[in-house]
Amino acid sequence: MPFPNTALTERLGIRAPIVSGGMVWASGWRLASAVSNCGGLGLLGAGSMTEELLRTHIEKMRATTSAPFGVNIPLLNRHAETHIATCIDMGVPVVCTAAGNPVLYTARLKDAGITVMHVVPSARLAQKAASCGCDVVVAEGVEAGGHNGRDALTSLVLWPSVVDAVSVPVVAAGGVVDGRQMAAALALGAAGVQVGTRFAVTQESSASAAYKQACVDAPEGQAVQFLRDDTPVRALRNAYVTDMRTREAAGTDAETLRALRGKFRAKQGIFEGDLDAGELSASQAVGAISQVLSVANVFDAFQRDLARAIRRLTPA
Ligand SMILES: Cc1cc2nc3c(=O)[nH]c(=O)nc-3n(C[C@H](O)[C@H](O)[C@H](O)COP(=O)(O)O)c2cc1C
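All you need for the numbering used here is the position in the sequence shown, starting with 1, plus 11.
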């Protein structure tokens with residue numbers, strides 16, 4: 012059974028309603044172009060790139076795929092303004108903004124003919140994104156790897172409430188690592204899924220081999236949150252995360268915790284593979300990932316499991 016056509020595939024001109032989330036230190040051109048070539052929407056993770064590097068990755072995308080692709084820009088990033096200008100200048104077809112106010116850049120991107128997606132953690136913020144002109148909202152539940160919203164809404168609660176709140180296509184994110192969760196997302200009214208951790212643990216991801224193996228080895232319950240009262244992050248429990256959680260429980264103030272975290276923890280963990288002191292952003296569903304697969308194999312598995320899940324619900 013082929014992937015279904017949805018409002019997302021039609022809006023973006025793609026064949027499979029699967030977006031690979033922008034991921035610092037993991038989603039460069041190799042991963043994003045493999046996803047686009049498999050029929051999904053590959054997003055470059057600009058959050059860990061300089062302007063020059065982003066330009067190089069966009070050029071590589073153009074050289075390796077003729078399918079649509081996009082760039083993810085976390086708006087709190089110090090390069091956000093420059094990255095927006097770069098995407099406009101280079102005619103990137105889709106920009107997915109996150110972690111910030113969609114009012115800031117959506118009109119500018121839309122005026123340049125760019126399709127705008129925005130990541131939200133609640134129905135309230137989904138309405139805000141839609142009302143300022145975003146074409147697609149990504150509803151990301153608290154299961155997701157990396158930064159989470161403070162509302163801490165689970166995917167099962169969040170996805171249908173966002174679907175009810177807006178009329179633009181909704182992409183479901185947070186805890187999707189296989190086709191069964193994709194079937195659930197579609198059943199709840201989503202027009203597609205955004206997948207992060209499962210793609211970070213692929214051959215094409217630029218994350219370190221140590222990070223990928225740590226995800227494969229991680230048992231259920233290993234990816235936990237910290238900085239919960241400030242800017243919640245979900246990552247594999249290690250010496251660094253345990254220390255942060257202990258300090259948090261003891262009442263250490265947010266500023267001190269932020270200083271302890273520093274600026275390069277994610278690079279140290281994801282890219283350099285420091286399993287003790289680095290930040291290993293990962294999904295609550297990481298325990299279900301048991302192999303480093305190629306992107307094509309991930310697509311095949313999604314397609315197979317999605318079809319099985321739909322068949323199970325279809326009367327014979
Ligand atoms: C290693 C890693 C890095 C991430 N970096 C970013 C980022 O730079 N920008 C962003 O919007 N989301 C980021 N995310 C979130 C993903 O784009 C995606 O929305 C999320 O991983 C989906 O949840 P899942 O991990 O359960 O699949 C990151 C996630 C991971 C696992």
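Glycine is no exception: its CB is placed at the ideal position from the N, C-alpha and C atoms.
{"Asked": "List the residues that DSSP assigns as beta-bridge partners of Gly-157.", "Found": "Arg-245"}
{"Asked": "Roughly how many angstroms lie between the CA atoms of Gly-298 and Ala-194, to the nearest whole one?", "Found": "19 Å"}
{"Asked": "Would you tell me roughly how many angstroms separate the C-alpha atoms of Thr-61 and Arg-319, rounded to the nearest one?", "Found": "43 Å"}
{"Asked": "By how many angstroms is the C-alpha of Val-149 removed from the C-alpha of Val-182?", "Found": "5 Å"}
{"Asked": "Report the partner residues of Ile-95 according to the DSSP bridge assignment.", "Found": "The partner list for Ile-95 (beta bridge, DSSP) is empty, contrary to what the question assumes."}
{"Asked": "Less than 8 Å between the CB atoms is what I'm expecting for Met-128 and Asp-146, so what's the real figure, rounded?", "Found": "7 Å"}
{"Asked": "In whole angstroms, what is the alpha-carbon distance linking Gly-124 and Val-252?", "Found": "42 Å"}
{"Asked": "I'd like the span of the beta strand (DSSP E) that includes Val-212, first residue to last.", "Found": "Element bounds for Val-212: n/a, residue is neither H nor E."}
{"Asked": "Between the Cα of Leu-199 and those of Gln-233, Val-173, Asp-189, spot the shortest distance and give me the residue it belongs to.", "Found": "Val-173"}
{"Asked": "Could you give the residue range of the beta strand (DSSP E) that holds Asn-83?", "Found": "80-85"}
{"Asked": "Does the segment 267-282 come into contact with the segment 17-33, if we say contact requires no fewer than three beta-carbon pairs (one atom in each stretch) closer than 8 Å?", "Found": "no"}
{"Asked": "Regarding Met-193 and ligand 1, is the C-beta to nearest heavy atom distance less than 6 Å?", "Found": "no"}
{"Asked": "Please report the straight-line C-alpha distance between Glu-283 and Ala-202, rounded to a whole angstrom.", "Found": "35 Å"}
{"Asked": "Is Glu-231 near Gly-185, with beta carbons less than 7 Å apart?", "Found": "no"}
{"Asked": "Quick one: what's got a C-beta closer than 6 Å to Ile-95's C-beta in the same chain, skipping five residues either side?", "Found": "Tyr-116"}
{"Asked": "When you compare only the Cα positions, how much space is there between Thr-67 and Cys-98?", "Found": "12 Å"}
{"Asked": "Quick one: give me the first and last residue of the alpha helix (DSSP H) that Ile-69 is part of.", "Found": "62-75"}
{"Asked": "Check the C-beta distance from Phe-237 over to Arg-209 and give it rounded, since I have them as a contact under 8 Å.", "Found": "Actually they do not touch by this definition, with Cβ atoms about 22 Å apart."}
{"Asked": "Give a single yes or no on whether Glu-151 has its beta carbon closer than 6 Å to a heavy atom of ligand 1.", "Found": "yes"}
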